[in-house]
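**Student:** Okay, here's the structure, questions in a sec.
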Amino acid sequence: MKRAVFLDRDGTVNEEVGYLSDLGRLRLVPGSAAAIRRLNGAGFLVVLVTNQSGVARGYFPESFVQETHALLGRMLEAEGARLDGIYYCPHHPKAGSTDLTRECDCRKPATGLLDRAAADLHIDLGRSYMVGDKWSDVELGQRAGCRAILVRTGFGHDDSGNVRPSGLREPDCTAHDLAEAVDWILGQSGAPAP
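Take the sequence shown: its position 132, counting from 1, is numbered 132 in this note's numbering, and each next residue is one higher.
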């Protein structure tokens, strides 16, 4: 079984811009590609997990999410970094009026995306990490049995869309950005620093 670092997309790997609906607005968070490259070099699988309810809301088609991920992959590759998997949830429980407007098991903080990635890629969730900029990412990591890391590069703590659920434990680490989170992961995991 392999170790993985699961990464939220918007606000963690690329800059948070609200509902990203224009590829021209896709920009990496400074240092995120180098941080992913370090994880690649240390032998971790790096898997992107992201809620994309803009599809259910009708803001953009599912094909746009796939185009975005293809471009993101090329941007990372240009800096020597790679993602080993990408999993996304196009649903929303209330917004929209299509078959994607429904309860699902994949919308974070539900564990469906991590469960699917673990099965597909033979990942040991108990030896893995979840990194994101929202409390739903922390909750997902804790529910799945991963160590959870909150980064401060996306949603602010005073944002109405980023409310800490009552009873949620503190993250295992709070980091300024993905680079600092990777420093902590490599220090905790005993993986050789690339």
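Beta carbons are placed, not taken as given, at the ideal position from N, Cα and C, and that holds for glycine.
The model shown is predicted, which means the values in this text are computed figures rather than measured ones.
Going by C-alpha distance, which of S97, I149 and D137 is nearest K108?
**Tutor:** Residue 108 sits at position 108 when you count from the first residue of the sequence shown. Residue D137 is the option with its Cα nearest to K108.
**Student:** Put A122 into one of helix, strand or coil per three-state DSSP.
**Tutor:** Working through the sequence shown from its first residue, we reach residue 122 at position 122. Checking the sequence shown, residue 122 turns out to be His, not Ala. DSSP places H122 in coil when its eight states are reduced to three.
**Student:** At which residues does the beta strand (DSSP E) containing L7 begin and terminate?
**Tutor:** One-based indexing of the sequence shown puts residue 7 at position 7. Per DSSP, L7 belongs to the beta strand (DSSP E) from A4 to L7.
**Student:** DSSP beta-bridge partners for T50?
**Tutor:** Position 50 of the sequence shown, counted from the start, is the residue given in the question as residue 50. Partner(s): Y88.
**Student:** Along the beta strand (DSSP E) that carries R147, what are the first and last residues, could you check?
**Tutor:** In the sequence shown, counting from the first residue as 1, residue 147 sits at position 147. R147 to V151 is the extent of the beta strand (DSSP E) around R147.
**Student:** Excluding five sequence neighbours on each side, which residues of the same chain lie with their C-beta closer than 7 angstroms to the C-beta of L23?
**Tutor:** As a working note, residue 23 is residue 23 in the sequence shown. Counting only Cβ-Cβ distances below 7 angstroms, and skipping sequence neighbours, we find E67, T68 and L71.
**Student:** Buried or exposed: which applies to H176, given that a residue is buried once 16 or more other Cβ atoms fall within 10 Å of its Cβ?
**Tutor:** As a position in the sequence shown, residue 176 is number 176, starting the count at 1. Exposed, since its Cβ has fewer than 16 Cβ neighbours within 10 Å.
**Student:** Under DSSP, the beta strand (DSSP E) around A175 begins and ends at which residues?
**Tutor:** Along the sequence shown, one-based indexing puts residue 175 at 175. From DSSP, the beta strand (DSSP E) with A175 extends over C173 to A175.
**Student:** Taking only three categories from DSSP, how would you classify V138?
**Tutor:** Mapped onto the sequence shown, residue 138 falls at position 138. It is helical.
**Student:** Going by DSSP, name the residue or residues bridged to V131.
**Tutor:** For this step, residue 131 is matched to residue 131 along the sequence shown. Paired residues: L7 and I149.
**Student:** When the distance is taken between beta carbons, is R3 closer than 8 angstroms to E15?
**Tutor:** Locating residue 15 in the sequence shown gives position 15, where the first residue counts as 1. Locating residue 3 in the sequence shown gives position 3, where the first residue counts as 1. It is not a contact, given that the beta carbons lie outside the stated cut-off.
**Student:** Just checking my contact of C89 with L125 at CB under 8 angstroms: how many whole Å lie between their CB atoms?
**Tutor:** The residue given as residue 89 occupies position 89 in the sequence shown. The residue given as residue 125 occupies position 125 in the sequence shown. About 18 angstroms; that fails the 8 angstroms criterion.
**Student:** Would you check if the stretch 25-39 and the stretch 161-171 touch, i.e. whether three or more CB-CB distances between them fall below 8 angstroms?
**Tutor:** Flag = no, the stretch 161-171 and the stretch 25-39 do not touch.
**Student:** Please state whether DSSP places L45 in a helix, a strand or coil.
**Tutor:** For this step, residue 45 is matched to residue 45 along the sequence shown. If DSSP states are grouped into helix, strand and coil, L45 belongs with the strands.
**Student:** For S166, tell me which candidate among D183, W135, D120 and A144 has the shortest Cα-Cα distance.
**Tutor:** To locate residue 166, count along the sequence shown from 1; it is residue 166. With distances taken between Cα atoms, S166 lies closest to W135.
**Student:** Under a three-way DSSP split, which group does T101 fall into?
**Tutor:** If you number the sequence shown from 1, residue 101 lands on position 101. Residue state, collapsed to three classes: strand.
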